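Residue numbers (UniProt numbering): 1 to 169.
Report on the structure given below.
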Amino acid sequence: MPASVTYLCNPGLVNEESKTFYCVPGKGWGITKYSCILDCPVPWEQYGGRQYCFVTTFGPTWYAAKNLCEQMNANLVEIQNREELNWTHSKINGHAQPNGHAMPFWIGLTDEGSEGDWYWEHTHHKPNISAWDIDFYSRGGTNENCALHYNSAWLDHPCNRSLPFICEK
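Right under this line is the structure:
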């Protein structure tokens, strides 16, 4: 069996070949695939029999965040009830931007393919609850097909923005 070599990488570094793999602190690039050996960069949080990873060290697009969660055998968070929404919100409040404002996080909601028909990307189920900010909901039309959790509400947003994200398994 050939020897294995792992290269260290700087946090947030993007693989130039694929543009979808990111270096995570404490991890490295694998030599054979040149992809990051990925796990949650912080300890997984436990709640309601599930595990959550709040990734704030770098912010990929919604699609890249989805792929990164899948590499951790997880998916973008699917908030099922008010209790989980409140718990998630309390955890998000612990992460502030340098200006002191709350930090937005990608969640697993999308309406891609059917404008205004929101569903959880991993299970394809419609949300059991609604936490939409009515002042911002669907103001972007077909350009805003991904959802983020900001303050205590969900907002639709362009999927190509780079933001922190929450994985769940």
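We treat Cβ as the ideally placed atom computed from N, Cα and C, and that holds for glycine.
Please read all numbers here as calculations on a predicted model, not as lab measurements.
Contact between the segment 74 to 84 and the segment 41 to 54 is defined here as three or more beta-carbon pairs at a separation below 8 angstroms; is this criterion met? yes
Note the first and the last residue of the continuous alpha helix (DSSP H) segment covering ILE92. 82 to 92
Work out the CA separation of CYS159 and THR61 for me, nearest whole Å. 6 angstroms
Sort out for me which residues DSSP pairs PHE58 with in a bridge. Answer by DSSP bridge pairing: none, since PHE58 is not bridged.
Residues sharing a beta bridge with GLN46, DSSP: GLN51
Beta-carbon separation (whole angstroms), PRO108 vs LEU76, contact threshold 8 angstroms: First, the residue type needs correcting, since residue 108 is Gly and not Pro in the sequence shown. Yes, they are in contact, since the Cβ atoms of GLY108 and LEU76 sit about 3 angstroms apart, within 8 angstroms.
Hey, quick one: how far does the beta strand (DSSP E) through LEU155 stretch, first residue to last? 153 to 157
Going by DSSP, what residue range makes up the beta strand (DSSP E) through HIS149? 146 to 150
Beta-carbon proximity check, THR56 vs HIS89, cutoff 7 angstroms: no
Of all the options THR123, TRP106, CYS167, which has the alpha carbon lying nearest to the alpha carbon of ASP156? TRP106
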